Every structure is written in C-alpha cells, then in structure tokens.
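*Asks:*
2 protein chains.
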Amino acid sequence: MQEVYDYIDAHLEDALRDLVRLCHQPSISAQGVGIEETAQLVADMLRGCKIKAQILPGAGGPPVVYGELAGDSPYTLLFYNHYDVQPPEPLEEWTSPPFEPTISDGILRARGVADNKGNIVARLYAIKAYQEIKGRLPISIKFCIEGEEEIGSPHLAAFVELNRSLLKADACIWEGGDINWQGQPVINFGVKGLLYVEMVARGAVRDVHSSLATVVPNPAWRLIWALNSLKDSDEKILIPGFYDAVRLPSPQEVEAIRAIPPEDEKLKESLGLESFLLGLSGFDFGSRHLFEPTCNICGLTSGYGGGGSKTVLPCLARAKVDFRLVPDQRPEDILVKLRRHLDENGFPDIDIINLEGENPARTPLDSPFGQVVCQTAKEVYGLDPVIEPTMAATGPMSLFVDTLGIPTVCMGFEYPNNRAHAPDENIRIDDFKKGAKHVSAVFDRLGKRA
Amino acid sequence: MQEVYDYIDAHLEDALRDLVRLCHQPSISAQGVGIEETAQLVADMLRGCKIKAQILPGAGGPPVVYGELAGDSPYTLLFYNHYDVQPPEPLEEWTSPPFEPTISDGILRARGVADNKGNIVARLYAIKAYQEIKGRLPISIKFCIEGEEEIGSPHLAAFVELNRSLLKADACIWEGGDINWQGQPVINFGVKGLLYVEMVARGAVRDVHSSLATVVPNPAWRLIWALNSLKDSDEKILIPGFYDAVRLPSPQEVEAIRAIPPEDEKLKESLGLESFLLGLSGFDFGSRHLFEPTCNICGLTSGYGGGGSKTVLPCLARAKVDFRLVPDQRPEDILVKLRRHLDENGFPDIDIINLEGENPARTPLDSPFGQVVCQTAKEVYGLDPVIEPTMAATGPMSLFVDTLGIPTVCMGFEYPNNRAHAPDENIRIDDFKKGAKHVSAVFDRLGKRA
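So the sequence lines, in the order shown, correspond to chains Y and F. Sequential numbering of the first sequence, starting at 1, is according to the working numbering. Sequential numbering of the second sequence, starting at 1, is according to the working numbering.
#1: Distance check for P331/Y and R362/Y, CA to CA, integer angstroms please.
#2: Using a Cβ cut-off of 8 Å, pull out every chain F residue sitting near K320/Y, in sequence order please.
#3: Please tell me whether R111/Y and P90/Y are closer than 7 Å, where the distance is taken between their beta carbons.
#4: Would you say the beta carbon of F291/F is closer than 6 Å to some non-hydrogen atom of the ligand ATP?
#5: State the CB to CB distance for the pair I103/Y and D431/Y, rounded to an integer number of angstroms; the pair is presumed to be in contact (CB under 8 Å).
#6: Under 7 Å, Cβ to Cβ, is there at least one residue of chain Y near P389/F?
#7: Counting contacts by CB-CB distance shorter than 7 Å, is A213/Y in contact with chain F?
#8: What does the alpha-carbon distance come out to for the pair I224/Y and W225/F?
#9: Of all the alpha helix (DSSP H) runs that stay within the bounds of the stretch 209-255 of chain Y, which reach a length of 4 or more residues?
#10: Quick check: what's the CA-CA separation for D402/Y versus W181/Y?
#11: How many Å lie between D301/Y and G34/F at the Cα?
#12: What three-state label does DSSP hand H289/Y in the structure shown?
#13: Are the C-beta of H289/F and some C-beta of chain Y separated by less than 7 Å?
#14: Out of D9/Y, T408/Y, G346/Y and D232/Y, which has the shortest C-alpha to C-alpha gap to S233/F?
#15: Does the stretch 364-378 of chain Y come close enough to the stretch 277-291 of chain Y that 3 or more CB-CB pairs lie under 8 Å?
#16: Which residues, in chain order, does the stretch 362-384 of chain Y contribute to contact with chain F at a C-beta distance below 9 Å?
#17: Does the CB of V205/F have a neighbour CB from chain Y at under 7 Å?
#18: Tell me the DSSP secondary structure of T301/F in three-state form.
#19: Please report how far the alpha carbon of S153/Y lies from the alpha carbon of H11/Y, in whole angstroms.
#20: Can you check whether the C-beta of A392/F is within less than 7 Å of a C-beta belonging to chain Y?
#21: Closer than 7 Å, CB to CB, is C298/Y near chain F or not?
#22: Determine the DSSP secondary structure at D349/F, reduced to helix, strand or coil.
#23: Would G272/Y be called buried (16 or more neighbouring beta carbons within 10 Å of its own) or exposed?
#24: Report the neighbours of Y196/F on chain Y: residues whose CB is nearer than 8 Å to its CB, in chain order.
#25: Between which two residues does the alpha helix (DSSP H) holding S440/Y run?
#26: Taking only three categories from DSSP, how would you classify D322/F?
#27: Tell me which residues share the same chain as Y83/Y and place their Cβ nearer than 6 Å to its Cβ, disregarding the 5 neighbours each side in the sequence.
#28: Near I120/F, which residues of its chain fall below 6 Å by C-beta distance, leaving aside the five closest residues on each side in sequence?
#29: By Cβ distance, which residues of its chain are closer than 6 Å to I127/Y, with the 5 residues on each side in sequence left out?
#30: Taking Cβ to Cβ, would you say F323/F is nearer than 7 Å to C295/F?
#31: Could you spell out the range, first to last residue, of the alpha helix (DSSP H) harbouring N119/F?
#32: For H155/Y and G61/Y, which I take to be in contact (beta-carbon distance under 8 Å), what is that distance rounded to the nearest angstrom?
#33: Just to confirm my understanding: we take R258/Y, look at its own chain, exclude 5 residues before and 5 after, and list those with CB closer than 7 Å. What are they?
#34: Return the CA-CA distance between Q184/F and G370/F, expressed in angstroms with no decimal places.
#35: Measure the C-alpha to C-alpha separation of I51/F and D333/F and round it to an integer number of angstroms.
#36: Going by other Cβ atoms of all chains shown within 10 Å of its Cβ, with 16 needed for buried, is V191/F buried or exposed?
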C-alpha cells in the first residue's frame, strides 16, 4: 500500500483543487440554495473516478447522487454522504467568506468542508490513488450522496424503500468521523435517534397589558409548568415509560467506553464550564454521553425579548424541544407518551408539533467489517483507534442498518476544532490526507478478505 | 356651569385642532424621538391658556413641562400628565399612520391620543372655556407634564425631590382615567406598584450541538426550573414573604369593589377566553384584579426561535418578569426576597437585572377631594361614577401621594376600546367633550369649597 499512500501524498494539490471547487459551490438545503448544481458537480466528480454516476429523483426531496464502480470482487462497500451544508449565518463571524475556501497554516476553511464535503473528496481521492497504482479496485463500490441531511433527511426513508436493490451492499461507511484531541481516529458504530417537537401554549387572542395578569391566563407560565413536568433538576426525564425501551449497553460496549481516552476536561475547558451536568467525568461522562437519551430545550420564545422593560402579557409561548433517543427507543412511541403525559398532568391545552423523527441505529462492535475499519485505522494513523458504540448525534443510519441490513460504521478525519455548523468551519489538510489513506487501506483489506 | 359647557360644545373644532397638532408630533421616549419638540409644543399650548409655563430640566431625564396659573383662591390643583407616547410598532397593523391623526365616525385615531395627549388637551380646553365664560379660575392650577412615563419615569423621583416646593398642591388629578362599557366614568384612587426584572441564566461560552445535552448544562432548563419555583399553577406566588406587606382592603374598599358593575364577561369575550384564571367572575374577579399582586412573565428568549428544527443547546436564556405590587409592598423588598428565594432554592447562578421599580399608592376613598371628583362626575355624565380603590396598572403616583402628600385621583375619558399601547389607539370625540366638562365642573366645585 505504500505506493498508494505515496500517490496520495504526491497528488494532494489535485485533491485540494477538487475540494475547493466543491466547497466553492453553495448547497444550503435549509434555504434551497445551489442544490441541483451541487448534485451535478458531485456526479461529475464521481465520473472523474470512472464511477457510473446517476442523479436520481429524491422521492420528493432534492436529487440523490448515486454511483457504482465494479471491482475485482462482488463484495460491495457503500458510502453514505450528503452534499448539502448548514446555512452559513452568522456571516459576520467568519474570518473569510464561507463559500470562498481559504487555505492557511495547514487549514482549509469553508462551509461544509468538515461536514461533509471533505469526506466526499477524500473518498474519491482514495479511489483515484488506488486506481492509478493498482488498476481496478479489489472490491465494488457504491455511493449514495443525498442533499437534505442538514434538514433531517425527510425524504430519505422513501428513497431507500424505492431503491432497495440499487442500494444493496455488504458494508457501509458512514458520512464522516472524528479525530480526537490526541490525534486518534474515532470509529463510531451507531447514531442516536431523534424526536424534535415544538410545544405551543396559547392564551388570549392578543397580547394584553400585564396589569391583567391577575385574571388572564399567561401561556408562558403554562409552558413553563408543562416543561418543568418533563424533567427534574437531577436530569431525570419524567415522562412515564420514557426509558422503557432503553437497551442496556452490552458488556462489550461498556468495555469500549472504558477504553475511550478521557477528553472531558478539554471539552469542559473549551466550553468555559466549571463542571458538567451532575459533576460527570471519566467513564460516567462517556457512558452517559453515549448511552443516555436526552430531553433538551433548543429554544424558548414568548412575548417581549427586546431591551429594557415592556409590561406585556403574551398570547403565545413556544418551546423547541429535542429528545436524543437510544436503542430501542422510537420517536413515534415517545411522541405518544409525551402527549399522554401532558394530558394527564393538566396540559391538554399545550399543542405538540412533530418536526422531526429518526430511529437510533447500532452495528455490533464485533462486526467483521468494523474490525477491518479499526485495524486499518491503527495502521494508517499509527495509534489505536477510539472505538465508540455510537455517536451522541443523529443521522438516518437506521435506514441502512435496519431497513437495508447493512453493517455500518463512521470513519473520517474531523478534528475537535472543526466548527461544523458554525462560523469558520475547517479541516486540517494533514488529516484530509490521512483520511484518504485510511479509505484506501480499507479497500485493500476488504479485497484480501473478500 | 351650563354656559361653560355650551362653550365647550361650541368650540370643539378648536380643541380638536390642538389635539391633532399634538398627536401629529411624535414623542417616543423609548426611542428618543421628538421629545424636546413636544415639550416645546406643550409649553406653548399651556401659554395659550395664560398659564405661566416653563420647560424644566428633568433631573437627567427628558425635560418636564411645568405650568402655573393663579386663580381666585390659593387652593391649588395639580395635574400630572406625560407628553411621551408608546412606540407605534407594529406599524403595519395601523389603519392609518400613527402620527397622522384621523377623524371618522366620531373617533379620533392616533398614537398617544388616549394615553395621554387627549387628557392634556381636554384639561386645557376646560381651562380655556372657564376663562372665556367666567374670567379667572376659582382655584389655582399647576401642571407637571413629564416625558418618560412610558419608560417607567426613571428620573421623576429625583425631579420631585428637587422641586418639592414648586409642586406643592392641595390635590392632584392624575394622568387619565376610564369610561366603562356602560358609559360610566371610572374614578381611581390609586395605582399598583411594580418590580420589573430580567432573569438571566448562562451556560457554556457558546451555543453547542444538542447532542451534548447529556452533559452540558442548559440555561433554558435552569431558567424554567427557577421560574417554576416562583409560582404554582394555582397562581400562588411562592417567594417566602412575598405577601407579608400586603395590606388587607378596608371595609370601604371592599364595599367599593362590590359596587363596581361587573364587566368581566365583556372582557372575557373581547379576549377570546373561555374563562379567567381560577374561574374568577363578579366580586372575586374585581377583588383579585385590584387587590392582589402578580408575578407575570412578559417574555422568554432562548436559543432558536425560527421555523422548523435546529438542534442546538443554547448558552443563554432570559425571562422578563414583572410583579405588580399592592400596598404596602415595596419593589426593593421584593427584589431582595426574590434573590434570597433563588439562592435558597439552588439558583444562585440565575442573575437578576433590576429594570424598574415603583411603589403602589392609594388615596383614601373618603378623601374630600375624591368626593368632589365623584360628585361632579355624576353631574356631568348623568350616571353614577364607578369608584375603584386602585387601578390594576402602575404609575409614579406614590411620588405625589406619599412623597409630596397630595391626595390624588384618576379621572379621564378612555373608553374600553381605546387601544392604548396598541395599534389604532383612539378616543371617542364625545368622550373628549364630556371629559373637558368634568374638569371644568371640578374647578367650579373646588372653588365653592375653597
């Protein structure tokens, strides 16, 4: 493989040129900006690696870029990626404009470069290098690159149902993955699920003078009392049955958490916190972070939020609430339990708007494919990989793991300061090279096993 | 007095011309718009009634228009008014532009016409009529017209202290007052006090991805739990000692509440409510509305409030909270108790920003001056006045009642649909005329007693 790695080192400039070109093209799904153009560009890039690329209709959503490349073996590795990016706002907080990629001090800065255009290009870069040095790939490859991941992939389930046979594969490499503070690659074997709701309380037909607070119901109070009933200050979620489907971590999963190098102190420092919730650290921190579901307030809106004082009694109060779910919780089940809890606690007046739902997903830690990814990571990085049974975040992985039955792991090269979803999103160029080498090593090892 | 009343009827056009001129001049204290110009215009209007008017420095705030007019008796009646108005926003909800007064169907619509430029002009209109028919006024008059009432009169206490002798008077007519749904004039003998605070909870140094809700403290939850500790769903305020200084209503005050014609059904309907808090109606409604303090949420702000879902864990959460206070509660005492309550309930991290504080004030219902206002109201309106021991709202009345020792009552002519503080603020022109007549009747009656 040294020749392939040398090729990757020697052709960095070419790969960066492709990455700059892709990041220069806005593709903001939340705002409907540049979606078709980006799908076209990505399909062209796939074709540049001899991949048979098609732009498929997205089952009502943005187009999905689908690609196939036959190799020496029918064993098929599928890449799941997305070509859309988060909105770049607030623009004034960027050091350079978000869609004008800038390279300096070994850093490439642009919206989407970490999440996850860098991964798309690194994977193509690995294919190109392998082809140039060894000719045909030892295994077959598929790509499924969707265009609405950043808005919760609302049409991907339908797309997957409609394209079951096209997406058939033996293993799947997910979107991306992390490098930790010590430079170790992090391999994730799952994602959490999500239920995202808006809770709405209504009062009078219009805002009224706050002197009427003696007699007029205030929806902000209703919402506060309702939210207070959901979680206590010990962080216990109080919805009856909320924890019923929570699967206990396996001994192997617990072992994996124990083996994760503690990085909570660095995170605490970077967030300016004196302590984490419940004073967590070490194993307890990792265990709670990866295995526990959450009930989180993303936003509160009611009445007057400007400067100074306005004596008003608002007619509307809204909360955005997300629940991260762990196996085997299901968003539709939690939604039913939330509704019942509110009704039974005197809050039938609080409306629930269901905004997003995704299932959690896990691939067993002893999956042979997962072993390959971990072993090759160690070879390329020269460090033990960090093995995490799941991410704390969410993605539509369940469609691949559960619906299609494909073992799936996350691998990538986003270092802790990558600022995905935030201004000055960036990657380190050295990580980008190592990431490509890791992908090529996976090809090689899978070829030997196939 | 009939001749004075006839003069008022005959010269309506002149008075309306003055009122239109005053309402055409913006004077938005919250935005610092038109303050000096309006003070000048009001002083000129006073001078048009032979009142010796001065524009006095406002002790660090906007100028105060002060006026004196000697009459047959040294008995002095002081008018407290304000020349500033609420911001006109939202502009798109006005039928006609807020500072372009419009007359149609017996209605004059403009920002500030009800609160309280209409009262300023009606009082001058009464003086003019009295002067034209009878020559000199039977009593002496003073005016104190401030320019920051709509932002809580933060400099008026200092102004009053600095001008104690100038403001000396035997009685005071407050800003304005109401006409009820049945056309009865409402005479108020007091105001509630106010404590207005902002409660602020802080978390990490920046918003973070909501997958970190397992471990990163969420200030929105902190704020919800803190607010929940302030009031229960039976509307009982839970701050220890909050009710300690609440003075029980006197038998006379209770009797006054019993005599108030019930208008709660009409209010309920106009607000689109199925019921008031605690199912209140009739005497219980009136008693709670006027004698009970409140703890009200004016606004909640945290994290994401836009459309759809954004999975964020906010770094900041803010609540605007106002407490309406009744005798003998004091804002500074409630502030101390609020701080102690939060500290003792595990919320020392919640900051309290003190935005506004005013004392409640009451003039006894048997005050001889109050009797004069009530008796003349009955004569002018041909209906029994409604006597209310206090307004549910707040104003800096305590500076006059308690600091200066002047018996003070509210009288005016704002009908229930006047929309003060809201788009399409308006008065009925017939009410404006009756209001001026009532003022002239008060002059006459006080002259006979003096």
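C-beta: ideal position from N, C-alpha, C; glycine also. Computed from a predicted structure; not experimentally measured.
*Replies:* This is what the structure holds:
#1: As a first step, residue 362/Y must be located in the first sequence, where it is residue number 362. As a first step, residue 331/Y must be located in the first sequence, where it is residue number 331. Cα to Cα, R362/Y sits roughly 16 Å from P331/Y.
#2: The residue given as residue 320/Y occupies position 320 in the first sequence. Chain F residues near K320/Y: G303, Y304, G305, S309 and K310.
#3: To locate residue 111/Y, count along the first sequence from 1; it is residue 111. To locate residue 90/Y, count along the first sequence from 1; it is residue 90. Their beta carbons are not under 7 Å apart, which means R111/Y does not touch P90/Y by this criterion.
#4: The ligand content of the structure shown is nil, which means the ligand ATP is not present either.
#5: Numbered from 1 along the first sequence, position 103 holds the residue referred to as residue 103/Y. Numbered from 1 along the first sequence, position 431 holds the residue referred to as residue 431/Y. The pair is not a contact, with the Cβ atoms about 14 Å apart (cut-off 8 Å).
#6: For this step, residue 389/F is matched to residue 389 along the second sequence. It does not; no Cβ of chain Y falls within 7 Å.
#7: Against the first sequence, residue 213/Y aligns to sequence position 213. Closer than 7 Å to some Cβ of chain F, the Cβ of A213/Y qualifies, so yes.
#8: Counted from its first residue, the first sequence places residue 224/Y at position 224. Counted from its first residue, the second sequence places residue 225/F at position 225. Take the alpha-carbon of I224/Y and the one of W225/F: they are about 8 Å apart.
#9: With a minimum length of 4 residues, the unbroken runs of alpha helix (DSSP H) contained wholly in the stretch 209-255 of chain Y fall at 219-228.
#10: Stepping through the first sequence from its first residue, residue 402/Y is reached at position 402. Stepping through the first sequence from its first residue, residue 181/Y is reached at position 181. Their Cα atoms are separated by approximately 32 Å.
#11: As a working note, residue 301/Y is residue 301 in the first sequence. As a working note, residue 34/F is residue 34 in the second sequence. In the sequence under discussion, the amino acid at residue 301/Y is Thr, which differs from the Asp named in the question. Cα to Cα, the separation comes out at about 32 Å.
#12: As a first step, residue 289/Y must be located in the first sequence, where it is residue number 289. DSSP places H289/Y in helix when its eight states are reduced to three.
#13: As a working note, residue 289/F is residue 289 in the second sequence. Closer than 7 Å: yes.
#14: What you label residue 233/F is simply residue 233 of the second sequence in a count that begins at 1. For S233/F, the nearest C-alpha among the options comes from G346/Y.
#15: Because the criterion of three Cβ pairs below 8 Å is not met, the stretch 277-291 of chain Y and the stretch 364-378 of chain Y do not touch.
#16: Within the stretch 362-384 of chain Y, no residue has a Cβ lying closer than 9 Å to any Cβ of chain F.
#17: As a position in the second sequence, residue 205/F is number 205, starting the count at 1. Yes, V205/F lies at the interface with chain Y (some Cβ there is under 7 Å from its Cβ).
#18: What you label residue 301/F is simply residue 301 of the second sequence in a count that begins at 1. Strand.
#19: For the purposes of this step, residue 153/Y is identified with residue 153 of the first sequence, where counting begins at 1. For the purposes of this step, residue 11/Y is identified with residue 11 of the first sequence, where counting begins at 1. The straight-line gap from Cα to Cα measures roughly 34 Å.
#20: Here residue 392/F refers to the residue found at position 392 when the second sequence is read from its first residue. Taking 7 Å as the threshold, the shortest C-beta distance from A392/F to chain Y falls below it.
#21: Locating residue 298/Y in the first sequence gives position 298, where the first residue counts as 1. Proximity of C298/Y to chain F, defined by a Cβ-Cβ separation below 7 Å, is satisfied.
#22: The residue labelled residue 349/F in the question sits at position 349 within the second sequence. D349/F carries a coil assignment under DSSP once its states are collapsed to helix, strand and coil.
#23: Counting from 1 along the first sequence, the entry for residue 272/Y is found at position 272. By the Cβ-count criterion, G272/Y is exposed, with fewer than 16 other Cβ atoms from all chains shown falling within 10 Å of its own Cβ.
#24: By one-based count along the second sequence, residue 196/F stands at place 196. Per Cβ cutoff of 8 Å: S309 and T311.
#25: The count along the first sequence starts at 1 and reaches residue 440/Y at position 440. For S440/Y, the uninterrupted alpha helix (DSSP H) run begins and ends at I429 to R449, by DSSP.
#26: Along the second sequence, read from residue 1 onward, the residue named residue 322/F stands at position 322. DSSP places D322/F in strand when its eight states are reduced to three.
#27: As a first step, residue 83/Y must be located in the first sequence, where it is residue number 83. Once the five neighbours on either side are set aside, the close Cβ partners of Y83/Y are S27, T38, V42, I145 and G147.
#28: Position 120 of the second sequence, counted from the start, is the residue given in the question as residue 120/F. Taken in chain order, the residues that qualify are N81.
#29: Sequence index remark: in the first sequence, residue 127/Y carries index 127 (1-based). Result list for I127/Y: C49, in chain order.
#30: Translated into positions along the second sequence, residue 323/F becomes position 323. Translated into positions along the second sequence, residue 295/F becomes position 295. Cβ atoms of F323/F and C295/F: closer than 7 Å.
#31: By one-based count along the second sequence, residue 119/F stands at place 119. If you look at N119/F, you'll find it in the alpha helix (DSSP H) that goes G118 to K134.
#32: Locating residue 155/Y in the first sequence gives position 155, where the first residue counts as 1. Locating residue 61/Y in the first sequence gives position 61, where the first residue counts as 1. About 3 Å; that satisfies the 8 Å criterion.
#33: Here residue 258/Y is taken as the residue at index 258 of the first sequence, counted from 1. Same-chain partners within the cutoff: F283.
#34: For this step, residue 184/F is matched to residue 184 along the second sequence. For this step, residue 370/F is matched to residue 370 along the second sequence. Distance from the CA atom of Q184/F to the CA atom of G370/F, rounded to whole angstroms, is 16 Å.
#35: Position 51 of the second sequence, counting from 1, holds the residue named residue 51/F. Position 333 of the second sequence, counting from 1, holds the residue named residue 333/F. Each residue's CA atom was taken as its position, placing I51/F and D333/F some 41 Å apart.
#36: Here residue 191/F is taken as the residue at index 191 of the second sequence, counted from 1. Burial check for V191/F: the Cβ neighbour count within 10 Å reaches 16 or more, so the residue is buried.
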